[in-house]
Amino acid sequence: MVAKKSVKIGKKKKWFDIALPSSLKGEVFSQGFAETPEELLNKTMTISLGDVIGAPSKKHINLKLVINAIKTSVAHTDIKALEVNPSFLLRKSRKNSKITAKSVGQTSDGFKVDVRLCAITNGHCISTAKREIRKILTEYLSKIIKESRKDAIISNLISNTIQANIKKSVHKIFPIRSVELEKVKILSK
1 MVAKKSVKIG
11 KKKKWFDIAL
21 PSSLKGEVFS
31 QGFAETPEEL
41 LNKTMTISLG
51 DVIGAPSKKH
61 INLKLVINAI
71 KTSVAHTDIK
81 ALEVNPSFLL
91 RKSRKNSKIT
101 AKSVGQTSDG
111 FKVDVRLCAI
121 TNGHCISTAK
131 REIRKILTEY
141 LSKIIKESRK
151 DAIISNLISN
161 TIQANIKKSV
171 HKIFPIRSVE
181 LEKVKILSK
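In my numbering, the protein residues as written are 1 to 189.
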C-alpha cells in the first residue's frame, strides 16, 4: 500500500517593495513577501540606521519601522523607535559616570514621544552634580518635544544637534565627555 501525498494549492505570493519614511529619503530599501499588499500592513522591522543613511558611525543605532500605508504595490513605512545598542553605551561609560534622563511629551504635530538621553562624564560624578545634570537634561528635552515636530526631533537626534546643545549647557556644571541618545519611542498620535 502506497501513501498518497495531499497537495495543497494555495494563492501565490508576490514580492512587494518597502520604502523608507519620507524623512529618510523615502527610497525603496527592502522587499516583503505576501499574497496581498494588505497583509504587510502594521508589520514591524528593525534595521541599522548606518545601513539606511550610509554612515558607518551610526551602525550602533537600530531603527524600528512599521508599515502604515500601501500605494501602487509599494509599502510605505513610518518610524516607530530609535534604539541604541546597550553595549555601545556600556563601552563609552565607566562606573558612576552615566546620567540618564527621560522625558515623555506631546510634539507640536500631536505625537506622544518618549525620549531618553544620557550624559557621560569624564569620571566619577557626585550625586549633587548628577541631580543638576539630570534636571537640565529633562527640562531641555521637554522644551524640545513641545516646540518641535516629530520628524524634526528624530532628524536632530540623528545628526547630534540636540546632544551638542545639551552638552554645552551641562558642561558648565561638570566635565562631560558626551551626551548620547538611548531611545526614542513614538507612543501614539
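Virtual Cβ for every residue (Gly too), placed ideally from N, Cα, C. It should be emphasised that the depicted structure is a prediction, and the values quoted were computed from it without experimental measurement.
Residue i - DSSP class collapsed to helix/strand/coil
i: residue 27; result: coil
i: residue 82; result: strand
i: residue 105; result: strand
i: residue 187; result: strand
i: residue 65; result: strand
i: residue 48; result: strand
i: residue 72; result: coil
i: residue 164; result: helix
i: residue 152; result: helix
i: residue 174; result: coil
i: residue 41; result: coil
i: residue 94; result: coil
Residues that DSSP places opposite residue i in a beta bridge
i: residue 110; result: Partner(s): none; residue 110 has no beta bridge.
i: residue 32; result: 16
i: residue 139; result: DSSP, once it has assigned bridges, lists no residue as partnering residue 139.
i: residue 180; result: 118
i: residue 99; result: 119
i: residue 128; result: Answer by DSSP bridge pairing: none, since residue 128 is not bridged.
i: residue 77; result: 67
C-alpha distance - residue i paired with residue j, whole-angstrom precision
i: residue 90; j: residue 15; result: 40 Å
i: residue 126; j: residue 176; result: 13 Å
i: residue 75; j: residue 27; result: 11 Å
i: residue 123; j: residue 53; result: 33 Å
i: residue 44; j: residue 32; result: 11 Å
i: residue 128; j: residue 95; result: 16 Å
i: residue 17; j: residue 67; result: 11 Å
i: residue 110; j: residue 152; result: 13 Å
i: residue 88; j: residue 181; result: 11 Å
i: residue 36; j: residue 11; result: 10 Å
i: residue 39; j: residue 106; result: 31 Å
Residue i Cβ short of 8 Å to the ligand GDP heavy atom set
i: residue 106; result: Ligands displayed in this structure: none; no statement on the ligand GDP is therefore possible.
Distance between beta carbons of residue j and residue i, contact taken as under 8 Å
i: residue 158; j: residue 49; result: 7 Å
i: residue 150; j: residue 113; result: 6 Å
i: residue 173; j: residue 117; result: Wrong, their Cβ atoms sit about 15 Å apart, outside the cutoff.
i: residue 179; j: residue 163; result: 4 Å
i: residue 23; j: residue 155; result: 6 Å
### Task
May I ask you to verify whether the stretch 54–71 touches the stretch 79–90, counting CB pairs closer than 8 Å and requiring at least 3?
yes
### Query
Would the stretch 141–155 and the stretch 67–74 be scored as touching if the rule is three or more Cβ pairs under 8 Å?
no
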